[in-house]
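Scroll down for the structure; my scribbles are underneath it.
2 protein chains.
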Amino acid sequence: MKADGLSSPALSALIEALRALPGVGPKSAQRMAHHLLQHDHDGAERLARSLDTALATVRHCALCHTFTEDEICETCAAPDRDRSQLCIVESPADQSAIEQTRSYKGQYFVLLGRLSPLDGIGPNDLQLAQLIERATDGEVKEVVIATSFTNEGEATAHYIGALIKARAKDKGIELKVSRLARGVPVGAELEYVDLGTIAQALVDRR
Amino acid sequence: MKADGLSSPALSALIEALRALPGVGPKSAQRMAHHLLQHDHDGAERLARSLDTALATVRHCALCHTFTEDEICETCAAPDRDRSQLCIVESPADQSAIEQTRSYKGQYFVLLGRLSPLDGIGPNDLQLAQLIERATDGEVKEVVIATSFTNEGEATAHYIGALIKARAKDKGIELKVSRLARGVPVGAELEYVDLGTIAQALVDRR
Ligand SMILES: [Zn+2]
Ligand SMILES: [Zn+2]
């Protein structure tokens with residue numbers, strides 16, 4: 001008998017499973033499990049079904065790697081998005097933040113991470129070869145690097161920017177490589193920055 | 001297209017469903033959904049299955065109302081628990097906190113709430129009739145009221161204590177009605193109090 005699950009192994013298992021959620025410790029997990037079982041069976045049922053559906057249908061876009069239910073996401077497939085601009089972000093959440101500013105009409109490439117030597121994430125983990133080919137396909141005229149303004153995000157931006165410039169030079173392609181302007185507070189995670197600041201930083205990209 | 005779910009309705013639905021969890025706002029829900037889909041498919045699968053299992057098997061004990069998978073919970077069924085003591089708590093989480101102190105060997109009655117006029121929770125919502133009958137069955141010699149030391153918890157304790165004493169007097173039964181000692185900080189939710197304080201308060205019950 002686990003004390004926090006009282007005499008129910010199923011309740012103990014649910015509390016343990018809830019701890020897979022980021023930011024949820026043992027106390028929060030217990031509180032969540034008790035709340036669902038005591039007050040919100042419908043919500044628990046809805047959560048279970050939406051997990052199943054999302055696991056079965058959500059995957060990464062073959063072109064930009066954001067979340068989608070199709071082979072190619074809506075943004076990559078949209079005929080009215082500017083294919084001469086390619087914005088590089090760390091995560092789908094960062095892409096979503098930029099989309100919400102309605103200040104950018106180009107395409108994206110989602111790294112699904114950033115260079116992080118301490119976590120063992122190197123250039124090979126970010127599918128950079130695919131990114132470099134895309135950025136230097138001749139159709140792209142400007143790459144906007146929108147990784148976070150953290151140490152790791154800045155290092156990632158410098159590394160990627162240098163790679164893309166070198167490859168474009170090899171191919172004899174004219175390519176502008178820009179970075180979101182200062183205006184995004186240094187040290188901040190992009191997804192938590194207010195939309196107005198992100199919009200301004202897009203306009204002032206350097 | 002919902003911005004936070006990008007172009008995936010299944011992802012939007014998952015983010016929405018995660019908001020059923022207490023303390024989870026839109027940003028946290030998005031972060032949780034992205035984390036599960038990007039990094040932890042196994043954890044998401046485990047969460048869905050444990051929700052299904054808990055919904056199908058966990059119910060309230062017919063005697064004390066705590067969570068259990070049986071008609072009667074382990075504590076109520078245990079032959080070695082002292083049936084002359086009945087501890088009244090607001091929630092299974094509070095019962096769990098008391099159990100973890102290992103300072104109490106009697107039985108429980110879980111109110112699954114507390115009197116809260118502002119939330120429309122009155123005496124009829126707490127199954128007090130069943131509690132009064134149980135407390136005055138002749139086998140119980142002491143009732144330990146362990147509701148929270150909040151205003152509502154104190155009001156609930158006074159109300160229940162008075163009802164039980166009146167009924168015991170009617171029946172001509174000798175019954176001690178005690179309250180957890182001061183030592184539990186006033187204004188605190190019981191489940192967040194450290195175990196040593198709860199243990200001391202049990203010993204010093206008044
Ligand atoms: Zn795409
Ligand atoms: Zn029971």
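Chains as they are written, first to last, in full-length UniProt numbering: chain D, 1 to 206; chain F, 1 to 206.
Glycine included, each C-beta is placed from N, C-alpha and C at the ideal position.
Remember, predicted model here, so these are calculated numbers, not experimental data.
Suppose the cutoff is 8 Å on Cβ atoms and the five residues either side in sequence are ignored; what does the same chain contact list for residue i look like?
i, result
"residue 210 (chain D)", "Nothing can be reported for residue 210 (chain D): it is not among the residues displayed for chain D, which extend from 1 to 206."
"V58 (chain D)", "F67, T68 and E69"
"A188 (chain D)", "S148, F149 and T150"
"L86 (chain F)", "G106, Q107, Y108, F109, R134, A135, V140, E142, V143 and V144"
"R81 (chain F)", "T75, K105, G106 and Q107"
"Y159 (chain F)", "L115 and P123"
If the cut is a Cβ gap below 7 Å, which residues of chain D does residue i touch?
i, result
"H158 (chain F)", "Chain D residues near H158 (chain F): none, gap ~25 Å exceeds 7 Å."
"Q30 (chain F)", "A93"
"V58 (chain F)", "S8, A10, L11 and L37"
"P22 (chain F)", "R31, M32 and H35"
"A48 (chain F)", "A48, L51 and D52"
"L195 (chain F)", "None at all; the shortest Cβ gap to chain D is about 10 Å."
Compute the Euclidean distance between the alpha carbons of residue i and residue j, then round it to the nearest angstrom.
i, j, result
"T66 (chain F)", "T147 (chain F)", "15 Å"
"M1 (chain D)", "D125 (chain F)", "Bear in mind that the predicted position of M1 (chain D) carries a pLDDT of just 39, short of 50, making it too unreliable to give a figure here."
"E154 (chain D)", "A44 (chain F)", "32 Å"
"A48 (chain F)", "R49 (chain D)", "7 Å"
"K176 (chain F)", "H35 (chain D)", "33 Å"
"A3 (chain F)", "A20 (chain D)", "Since pLDDT at A3 (chain F) reaches only 40, below the 50 mark, its modelled position is unreliable, and no value is offered."
"V140 (chain D)", "R114 (chain D)", "22 Å"
"E74 (chain F)", "R134 (chain F)", "18 Å"
"N172 (chain F)", "G120 (chain F)", "A quick correction: the sequence has Gly, not Asn, at residue 172 (chain F). Taking the straight line joining both Cα atoms gives about 34 Å."
"D42 (chain F)", "D42 (chain D)", "23 Å"
"V24 (chain F)", "G138 (chain D)", "44 Å"
"G161 (chain D)", "D170 (chain D)", "14 Å"
"A13 (chain F)", "L112 (chain F)", "30 Å"
"residue 213 (chain D)", "Q127 (chain F)", "The first residue shown for chain D is 1 and the last is 206, placing residue 213 (chain D) beyond what the model contains."
"S8 (chain D)", "L55 (chain F)", "12 Å"
"P185 (chain D)", "P185 (chain F)", "41 Å"
"A157 (chain D)", "T156 (chain F)", "60 Å"
Within the present structure, is the beta-carbon of residue i separated from the nearest heavy atom of ligand 1 by less than 7 Å?
i, result
"I88 (chain D)", "no"
"I72 (chain D)", "yes"
"C76 (chain F)", "no"
"T68 (chain F)", "no"
Quick one, which of the options has its alpha-carbon nearest residue i's?
i, options, result
"A181 (chain D)", "D:N124, D:Q85 and D:L202", "D:L202"
"V110 (chain F)", "F:Q130, F:Q100 and F:D70", "F:Q130"
"I132 (chain D)", "D:E152, D:E154 and D:I88", "D:I88"
"K105 (chain D)", "D:V144, D:T136, D:D52 and D:L128", "D:V144"
"S84 (chain F)", "F:V184, F:Q200 and F:E174", "F:E174"
"T53 (chain F)", "D:E139, D:T53, D:D170 and D:L37", "D:L37"
"S178 (chain D)", "D:L11, D:I164, D:L14 and D:G25", "D:I164"
"E152 (chain F)", "F:P79, F:S116, F:A166 and F:E99", "F:S116"
"H39 (chain D)", "F:S91, F:D40, F:L118 and F:Q200", "F:S91"
For ligand 2, I want to know if residue i counts as a neighbour, meaning its beta carbon is within less than 7 Å of at least one of the ligand's heavy atoms.
i, result
"L63 (chain F)", "yes"
"I98 (chain F)", "no"
"T57 (chain F)", "no"
"T150 (chain D)", "no"
Closer than 8 Å by beta-carbon distance: list the chain D residues that pair up with residue i, in chain order.
i, result
"E45 (chain F)", "L51 and L55"
For residue i, collect the residues of the same chain with a Cβ closer than 6 Å to its Cβ; drop the 5 residues on either side in sequence, then sort them by chain order.
i, result
"A93 (chain F)", "E191"
"M32 (chain D)", "L18"
"A29 (chain F)", "I15, L18 and R19"
"A10 (chain F)", "none"
"R102 (chain F)", "none"
"Q100 (chain F)", "L195"
Interface residues of chain F around residue i at Cβ under 7 Å?
i, result
"D40 (chain D)", "A20"
"A199 (chain D)", "Those do not exist, as A199 (chain D) stays about 14 Å from chain F at its closest Cβ, beyond 7 Å."
"residue 270 (chain D)", "Beyond the ends of chain D as shown, which are 1 and 206, falls residue 270 (chain D); an answer cannot be given."
Might you give, ordered along the chain, the residues of its own chain that have their beta carbon closer than 7 Å to the beta carbon of residue i, omitting 5 neighbours on each side?
i, result
"C76 (chain F)", "C61, L63, C64 and Q107"
"Q95 (chain F)", "T66, V89, Y108 and V110"
"A168 (chain D)", "T136 and L175"
I'd like to know if residue i contacts chain C, where contact means its C-beta is closer than 8 Å to some C-beta of that chain.
i, result
"L112 (chain D)", "As a matter of chain content, chain C is missing from the structure shown, whose protein chains are D and F."
Name the chain D residues that come within less than 9 Å of residue i, Cβ to Cβ?
i, result
"A155 (chain F)", "Residues of chain D passing the Cβ test: none, with the nearest at roughly 21 Å."
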